[in-house]
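Asks:
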Amino acid sequence: MLGIKPGEVLEGGQTWIGPAPWIEITPPGPNSQAVISRQRRLGTPVDSATPPLVIYRGLGSVIQDVDGNRYLDFAAGLAAAATGHCHPKVAEAIEAQARTLVHTPGSDVLHPPIVELSEKLAGLLPDEPFDRVLPTSGGREAVSVSIRLAQDYTERRRIIALGKGSPIAATGSTSLTCSEVDRPGWFDAVQPGVEYVPFGSVEVIESQLSRSRLSPDNVAAVLVETIRVEGDCILGEAAFFHELRAWCDTHRILLVCDEIRSGAGRTGKWFAFEHMNILPDIVALGRSLASGMPLGAVLTRAEIADSSADVRAGGIGGNPVCCAAALATVDLINSTFRANAELQGRGLLKRLAEIEDRKRIVGQVRGIGLMCAFDIVSLKTQKPSPATRDRLLRHCFERGLLLRACGTAGILLCPPLCINEAQIDVGLRVLEEALSAAS
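When you line the sequence shown up against this note's numbering, it's residues 679 to 1117, in that order.
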């Protein structure tokens, strides 16, 4: 069995789980099965595509289920657990704030953490191009607020959702996703006023607008995931983003970058759009900003934010406990984890490329920082093989490695930013064993 049975290591007053994976009993074990059975009776919604995992606790890049199995987490809670699970500085910040003030509606009442966080976020980039920060309850609300700001500022209503874009649930915003994977069975149930355009080039955008008889002068914003995580996990070309930025400027259209998954240091920079050398008009951040706590934020310019006096977050947007978690998270990302994401990400991508050379079942390794992916293809046809991908994910899960599906037959690797070289090595050894079994 790969991995070393972990011991309990006391570090800085925090009990840490040691190396993983370590499987005590083939998952799901009896305790997990009991919880799953209770869940099914209650009808609590759980994604049927995910492994039958019942988590007891998590520390760093390791999580433990209720049967004592320990898993190496290469999914990081949909990339939200940026600083790892239960980082002591984040936990201490949460506890300290919870002893002072747990809740007040951030849309109505100020408190010091929300102001301090806004100041930190405004100062993330040189020259502070974003001088307005609107805290929200999460990434989905952040994108909804971004769209409303763009509509009010431009006095236009139409939105272009570019590529396999953000899955936005608040105020009908789920329909802004372009991914059939995320909207199975109801891809045609689109929201009026949203134009879905394939990710590719400005010519593609103009061609589709022409077919739809829609003038760019009626478009308020282009919404794009800088890294298209909700789909095939593709990093856009810098040349395309430059072209898109210029096209938006020509038509007075605002460019909105969804950085819910790719922001907060995951790519080695605070924002993925920094790799493209562009500056959007509005940026949406999600729960990775607060290490998984329900918080998001919209970053924009004063002229845009001030054009919409009635746009504000919901009742829990900017919750003081979540803001405290975010303050600790921002400090950790700036001091350590952004650099670690760049360093470990280079090693991870190099190792994946080497695996691709050895395994014909692996196709199109891609990524940047700690946001990497590859496809699983048929040995005979070299076409995507979703069934093989799903078997591979299950095999890795049973051996203590947590991965996530993406796109038609892709596998996404987005471990916490605290991941180290030894953990990446063990995780990729488990992955390669699974690939050998599937070949």
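Built from N, CA and C at the ideal position, the CB exists for glycine as well.
Predicted model, so just to flag it, every value in this text is computed and none were measured.
Do Pro807 and Leu932 count as a contact pair if the criterion is CB distance below 9 Å?
Replies: By one-based count along the sequence shown, residue 932 stands at place 254. By one-based count along the sequence shown, residue 807 stands at place 129. Taking 9 Å as the Cβ cut-off, Leu932 and Pro807 do not qualify as a contacting pair.
Asks: Cutting at 6 Å between CB atoms, please list the residues of its own chain near Met954, excluding the five before and the five after it.
Replies: Indexing the sequence shown from 1 puts residue 954 at position 276. Excluding sequence neighbours, Met954 sits near Ala916 and Phe919.
Asks: Going by other Cβ atoms of all chains shown within 10 Å of its Cβ, with 16 needed for buried, is Thr928 buried or exposed?
Replies: What you label residue 928 is simply residue 250 of the sequence shown in a count that begins at 1. Thr928 should be labelled exposed.
Asks: Check whether the region 776-786 touches the region 1102-1112, counting contact only when three or more Cβ pairs, one atom from each stretch, lie closer than 8 Å.
Replies: No, because fewer than three Cβ pairs between the region 776-786 and the region 1102-1112 fall closer than 8 Å, the two stretches do not touch.
Asks: Based on Cα-Cα distance, which residue from Glu1032, Ala1017, Asp959 and Glu981 lies nearest to Arg944?
Replies: Taking the sequence shown and counting its residues from 1, the one referred to as residue 944 is at position 266. Measuring from the Cα of Arg944, the nearest candidate turns out to be Ala1017.
Asks: Can you tell me whether Arg1136 is helix, strand or coil according to DSSP?
Replies: Look at the range of the chain in this structure, 679 to 1117, and you will see that residue 1136 is not part of it.
Asks: Name the two residues that bound the continuous beta strand (DSSP E) containing Glu903.
Replies: Position 225 of the sequence shown, counting from 1, holds the residue named residue 903. First-last of the beta strand (DSSP E) with Glu903: Val897 to Glu903.
Asks: Of the choices Leu720, Tyr749, Gly721 and Ser739, whose alpha-carbon is the least far from that of Val732?
Replies: Counted from its first residue, the sequence shown places residue 732 at position 54. The residue with the shortest Cα to Cα distance from Val732 is Tyr749.
Asks: Within its chain, find whatever has a CB closer than 8 Å to the CB of Val882; leave out the 5 residues flanking it on each side and keep chain order.
Replies: Sequence index remark: in the sequence shown, residue 882 carries index 204 (1-based). So the list reads Val875 and Pro876, once near-sequence residues are dropped.
Asks: Just tell me which of Cys1000, Ala1083 and Cys1096 has its CA closest to the CA of Pro790.
Replies: The residue given as residue 790 occupies position 112 in the sequence shown. Looking at the Cα atoms, Cys1000 is the closest of the given residues.
Asks: Go ahead and pull the three-state DSSP assignment for Trp925.
Replies: Locating residue 925 in the sequence shown gives position 247, counting from the first residue. Of the three classes helix, strand and coil, the one that applies to Trp925 here is helix, per DSSP.
Asks: Using the Cβ count rule (16 or more neighbours within 10 Å means buried), how would you classify Thr832?
Replies: By 1-based counting over the sequence shown, the position of residue 832 is 154. Thr832 is buried by the Cβ-count criterion.
Asks: Under the DSSP definition of a beta bridge, which residues are partnered with His763?
Replies: Residue numbering aside, residue 763 sits at position 85 when the sequence shown is read from its first letter. In DSSP, His763 forms a bridge with Gly738.
Asks: From which residue to which residue does the beta strand (DSSP E) around Leu963 run?
Replies: Here residue 963 is taken as the residue at index 285 of the sequence shown, counted from 1. From DSSP, the beta strand (DSSP E) with Leu963 extends over Ile960 to Leu963.
Asks: What three-state label does DSSP hand Arg834 in the structure shown?
Replies: Here residue 834 corresponds to residue number 156 of the sequence shown, with the count starting at 1. Correct three-state label for Arg834: coil.
Asks: So what does Thr978 bridge to, in DSSP terms?
Replies: Working through the sequence shown from its first residue, we reach residue 978 at position 300. Thr978 is bridged to Arg810 and Ile960.
Asks: Does the distance from the CB of Gly1088 to the CB of Asp1053 come in under 9 Å?
Replies: Counting from 1 along the sequence shown, the entry for residue 1088 is found at position 410. Counting from 1 along the sequence shown, the entry for residue 1053 is found at position 375. Closer than 9 Å, so yes.
Asks: Pick out whichever of Ile741, Glu797 and Asp830 has its Cα sitting closest to the Cα of Glu981.
Replies: Counting from 1 along the sequence shown, the entry for residue 981 is found at position 303. The shortest C-alpha separation from Glu981 is found at Asp830.
Asks: If you draw a straight line from the C-alpha of Gly878 to the C-alpha of Leu913, how long is it?
Replies: Translated into the one-based positions of the sequence shown, residue 878 becomes position 200. Translated into the one-based positions of the sequence shown, residue 913 becomes position 235. If you take the alpha carbons of Gly878 and Leu913, they lie about 11 Å apart.
Asks: Assign Glu873 to one of three DSSP states: helix, strand, or coil.
Replies: Here residue 873 corresponds to residue number 195 of the sequence shown, with the count starting at 1. Glu873: strand per DSSP, three-state reduction.
Asks: Just tell me which of Asp1035, Arg1082 and Leu967 has its CA closest to the CA of Gly817.
Replies: Position 139 of the sequence shown, counted from the start, is the residue given in the question as residue 817. Out of Asp1035, Arg1082 and Leu967, Leu967 has the C-alpha closest to the C-alpha of Gly817.
Asks: Within this structure, are the beta carbons of Ala1004 and Leu795 separated by less than 9 Å?
Replies: As a position in the sequence shown, residue 1004 is number 326, starting the count at 1. As a position in the sequence shown, residue 795 is number 117, starting the count at 1. Yes. Within cutoff.
Asks: Let me make sure I understand the geometry here. Which of Asp1009, Ala839, Cys926 and Asp988 has the alpha-carbon closest to that of Glu903?
Replies: Numbered from its first residue, the sequence shown carries residue 903 at position 225. Residue Ala839 is the option with its Cα nearest to Glu903.
Asks: What does Phe1052 pair with, by DSSP beta-bridge criteria?
Replies: The sequence position of residue 1052 within the sequence shown is 374, counting from 1. Answer is Ile1089.
Asks: Buried or exposed for Ser822, going by 16 or more other Cβ atoms inside 10 Å?
Replies: One-based indexing of the sequence shown puts residue 822 at position 144. Ser822 comes out buried.
Asks: Can you tell me which of the three DSSP states Arg944 falls into?
Replies: Here residue 944 is taken as the residue at index 266 of the sequence shown, counted from 1. If DSSP states are grouped into helix, strand and coil, Arg944 belongs with coil.
Asks: Once you ignore the five residues that flank Ala975 on each side, which residues in its own chain have a CB closer than 7 Å to its CB?
Replies: Your numbering for residue 975 matches position 297 in the sequence shown. Result list for Ala975: Leu799, Val811, Leu812, Pro813, Thr814, Ala820, Leu963 and Leu967, in chain order.
Asks: Would you call Ile1097 buried or exposed, if buried means 16 or more other Cβ atoms sit within 10 Å of its Cβ?
Replies: Residue mapping note: residue 1097 aligns to position 419 of the sequence shown, counting from 1. Answer is buried; the Cβ neighbour count reaches 16.
Asks: Go to Ala754, then tell me how far its alpha helix (DSSP H) extends in each direction, as first and last residue.
Replies: Here residue 754 refers to the residue found at position 76 when the sequence shown is read from its first residue. That run of the alpha helix (DSSP H) goes Ala754 to Ala757.
Asks: What would DSSP say about Gln1060, mapped onto helix, strand or coil?
Replies: Here residue 1060 refers to the residue found at position 382 when the sequence shown is read from its first residue. Residue state, collapsed to three classes: coil.
Asks: Hey, could you find the ends of the alpha helix (DSSP H) Ala950 is sitting in?
Replies: As a working note, residue 950 is residue 272 in the sequence shown. Segment: none, Ala950 is in no alpha helix (DSSP H) and carries neither H nor E.
Asks: Do you know whose CA, among Phe949, Thr1007, Gly1045 and Leu1070, lies nearest Leu1056's CA?
Replies: As a first step, residue 1056 must be located in the sequence shown, where it is residue number 378. What sits at residue 1056 in the sequence shown is Ser, not Leu. Checked all of Phe949, Thr1007, Gly1045 and Leu1070; the closest Cα to Ser1056 is Leu1070.
Asks: What residue range does the alpha helix (DSSP H) around Arg1024 cover?
Replies: Walking along the sequence shown from the start, residue 1024 turns up at place 346. Segment Arg1016 to Arg1036, the alpha helix (DSSP H) holding Arg1024.
Asks: Going by C-alpha distance, which of Leu756, Ser1114, Asp936 and Pro706 is nearest Ile1033?
Replies: Counting from 1 along the sequence shown, the entry for residue 1033 is found at position 355. Out of Leu756, Ser1114, Asp936 and Pro706, Ser1114 has the C-alpha closest to the C-alpha of Ile1033.
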